[in-house]
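First up is the structure itself, then whatever we jot down about it.
Residue numbers (our numbering), protein chains in the order written: chain A, 626 to 960; chain B, 119 to 444.
Below is the structure:
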């Protein structure tokens with residue numbers, strides 16, 4: 626089980642779409658075109674794309690506050706994502722979610738939870754739902770090393786294991802929960818080993834190697850579809866930027882040479898370029914993909930810029946599917 | 119013994135809850151139940167009838183099984199989550215507030231969360247502070263939820279059915295002091311009580327009492343006692359706290375000019391406070407006397423019965439409050 630030539634091409638395309646989207650998004654954020662906070666996925670592209678490529682279009686994923694990579698990795702369009710970052714009505718969430726919540730339901734995303742660990746039960750519930758409805762869909766939840774210390778991690782994996790739910794618990798371990806290292810916050814640093822305590826398979830994989838991540842996830846997906854229950858995958862990865870762009874910490878929390886080493890020697894995009902060239906892809910093939918991706922990102926930025934800002938009068942829209950006397954008007958409010 | 123007529127059957131409030139769930143599960147295969155000890159719910163007959171894929175007997179993991187219900191709701195099911203005693207719902211507040219209430223909005227309407235969170239206000243039984251909370255009003259401060267708190271067997275059935283059929287997340291508040299109340303309940307499985315519509319439970323002309331959840335029993339007893347003394351009390355049941363049927367309250371206050379609001383929650387920022395503020399803003403011109411609120415004082419619920427019993431609004435306290443307004 627490994628990536629076909631077509632999947633390799635698609636893996637490279639999606640990783641590059643995340644990388645370029647984030648590079649351009651970071652610039653726009655620094656220039657003030659994107660408000661709020663910006664959590665870039667640069668460095669974690671192989672973990673995201675390797676996991677997503679093992680899924681079908683109708684499988685579910687749930688993500689995290691570092692939410693830009695997941696919809697792109699699952700095959701989503703860039704335009705609505707960029708427009709959302711800019712707070713436009715044409716954004717995927719109509720300007721209500723923003724950077725930490727780029728959930729695109731068209732590619733099976735059920736939510737991008739900025740409450741750390743909050744999305745894990747949602748995926749467990751989607752897996753339960755697939756079992757009740759009798760489909761062979763699976764649900765994969767991304768979460769970080771920080772979330773692995775939340776109760777939702779333990780509770781949901783336990784229930785999924787007890788009930789043999791078709792769920793994949795996928796940890797993007799980038800070593801730091803904001804500034805708190807795994808070394809100082811986990812009694813035992815290999816999160817994947819915790820699987821043993823739940824009686825399910827646990828795999829630790831090089832998160833900078835898209836092929837290895839794909840293989841591990843595909844195995845877990847196959848098991849889930851067979852009805853044999855969930856798996857835990859820990860992808861050891863690294864975020865190249867700060868927790869959020871522009872966030873400076875008073876004291877350094879990670880060694881500068883560690884960052885330099887990852888950027889220089891463990892860049893997942895560069896590593897996969899080498900794999901592809903070694904496998905016989907022509908440089909011109911890769912350039913064609915790069916040009917296509919650059920054009921798509923440029924188009925997304927233009928789409929975002931052209932989109933209208935929301936009308937403040939519409940702020941109540943989407944609160945209820947079935948609003949009853951909502952928003953409630955009061956004499957006090959109209960005064 | 120249930121006396122069955124063509125249109126109605128005499129049921130307890132508790133039996134009406136079970137009946138509502140069973141009828142909705144029969145009607146719609148997307149309806150599932152989740153919660154602790156559901157294996158023995160309804161004497162085990164519910165899981166026996168519908169199977170383990172419809173009745174999920176969960177481990178004691180409130181936050182995550184609630185979140186799993188939200189995930190199931192996002193993907194085509196209509197879960198009814200039993201959080202048991204209200205105090206336990208705090209463990210699930212993260213998923214109720216941060217996920218269920220916010221996902222439809224934060225995704226720009228891509229997601230819908232048709233889920234019901236049930237819990238029971240379970241107090242006045244010497245079970246002390248960690249089991250006795252009446253926390254319905256805390257969740258009134260969270261937009262995106264609907265909050266239902268019926269007081270009669272017919273309403274609890276009709277409103278639970280409406281809640282299950284609603285496409286928004288609904289918090290369904292039961293009051294354990296009402297579980298044993300028996301009354302006529304319609305047998306028609308499609309007879310619903312609409313969310314957001316209050317009801318005048320007793321008509322009167324001198325004073326309006328708005329009674330929330332378990333406060334209804336002492337309020338109705340007080341109204342009867344006051345009638346014997348020549349005071350005509352109108353009793354209004356909001357039935358739904360969010361959205362609140364302001365009209366039914368304001369119409370009554372316009373008639374009586376006097377308002378007492380009774381709530382078993384702690385006093386500060388409770389449902390009675392919201393209703394009192396609403397009437398002060400929108401019905402001030404109708405008021406002939408200041409609004410009176412009767413609530414549980416801001417103290418934790420003690421174990422010793424002699425300490426606990428006097429804390430909740432009683433019939434005598436309500437009678438005295440009404441008399442002060444005359």
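Note that CB positions come from ideal geometry on N, CA and C, so glycine has one too.
What is the DSSP secondary structure of residue i, reduced to helix, strand or coil?
i: residue 806(A); result: strand
i: residue 822(A); result: helix
i: residue 689(A); result: strand
i: residue 374(B); result: helix
i: residue 776(A); result: helix
i: residue 410(B); result: strand
i: residue 455(B); result: Residue 455(B) is absent from the structure shown; chain B starts at 119 and stops at 444.
i: residue 161(B); result: helix
i: residue 239(B); result: strand
i: residue 922(A); result: helix
i: residue 916(A); result: helix
i: residue 792(A); result: strand
i: residue 202(B); result: strand
i: residue 247(B); result: coil
i: residue 133(B); result: helix
i: residue 781(A); result: helix
What residues in its chain sit with their C-beta under 7 Å from that of residue i, if we drop five residues either side in the sequence?
i: residue 273(B); result: 311 and 357
i: residue 742(A); result: 768, 772, 775, 777 and 778
i: residue 187(B); result: 152, 197, 199 and 233
i: residue 649(A); result: 922 and 926
i: residue 672(A); result: 797, 832, 838, 860 and 862
Name the DSSP beta bridge partners of residue i, please?
i: residue 197(B); result: 150(B)
i: residue 797(A); result: 769(A) and 860(A)
i: residue 175(B); result: 153(B)
i: residue 736(A); result: 687(A)
i: residue 911(A); result: Its beta-bridge partners do not exist; DSSP assigns none.
i: residue 320(B); result: 353(B)
i: residue 827(A); result: 857(A)
i: residue 264(B); result: 288(B)
i: residue 384(B); result: 414(B)
Rounded to the nearest angstrom, what separates residue i and residue j at their Cα positions?
i: residue 307(B); j: residue 219(B); result: 28 Å
i: residue 231(B); j: residue 177(B); result: 23 Å
i: residue 858(A); j: residue 870(A); result: 27 Å
i: residue 640(A); j: residue 698(A); result: 7 Å
i: residue 423(B); j: residue 269(B); result: 25 Å
i: residue 682(A); j: residue 630(A); result: 19 Å
i: residue 137(B); j: residue 749(A); result: 29 Å
i: residue 665(A); j: residue 651(A); result: 7 Å
i: residue 927(A); j: residue 661(A); result: 20 Å
i: residue 877(A); j: residue 821(A); result: 34 Å
i: residue 831(A); j: residue 417(B); result: 55 Å
i: residue 217(B); j: residue 704(A); result: 25 Å
i: residue 209(B); j: residue 908(A); result: 55 Å
i: residue 807(A); j: residue 148(B); result: 41 Å
i: residue 783(A); j: residue 816(A); result: 15 Å
i: residue 628(A); j: residue 637(A); result: 11 Å
Between which residues of its own chain and residue i is the CB-CB distance below 6 Å, once the five residues before and five after are set aside?
i: residue 294(B); result: 238 and 240
i: residue 952(A); result: 941
i: residue 753(A); result: 790
i: residue 685(A); result: 733, 735, 751 and 764
i: residue 156(B); result: 173 and 175
i: residue 343(B); result: 437
i: residue 150(B); result: 172, 195 and 197
i: residue 190(B); result: 197
i: residue 933(A); result: 714
Between residue i and the rest of its own chain, which residues show a CB-CB distance below 8 Å, the 5 nearest in sequence each way excluded?
i: residue 192(B); result: 221, 229, 230 and 231
i: residue 728(A); result: 688, 692, 696, 717, 718, 722, 734, 735, 736 and 737
i: residue 644(A); result: 667, 670 and 894
i: residue 400(B); result: 364 and 368
So residue i and residue j are in contact, right, with Cβ under 8 Å, and what is the actual spacing, rounded?
i: residue 586(A); j: residue 864(A); result: Because residue 586(A) is not part of the residues shown, which for chain A are 626 to 960, the question remains open.
i: residue 433(B); j: residue 361(B); result: Between residue 361(B) and residue 433(B) the Cβ distance is about 30 Å, and since that is not below 8 Å, they are no contact.
i: residue 350(B); j: residue 383(B); result: Residue 350(B) to residue 383(B), Cβ: 27 Å. No contact.
i: residue 860(A); j: residue 795(A); result: 7 Å
i: residue 675(A); j: residue 835(A); result: 4 Å
i: residue 331(B); j: residue 267(B); result: 4 Å
i: residue 781(A); j: residue 182(B); result: 5 Å
Is the closest heavy atom of the ligand ZN to the C-beta of residue i under 7 Å?
i: residue 931(A); result: No copy of the ligand ZN occurs in the structure displayed, which carries no ligand at all.
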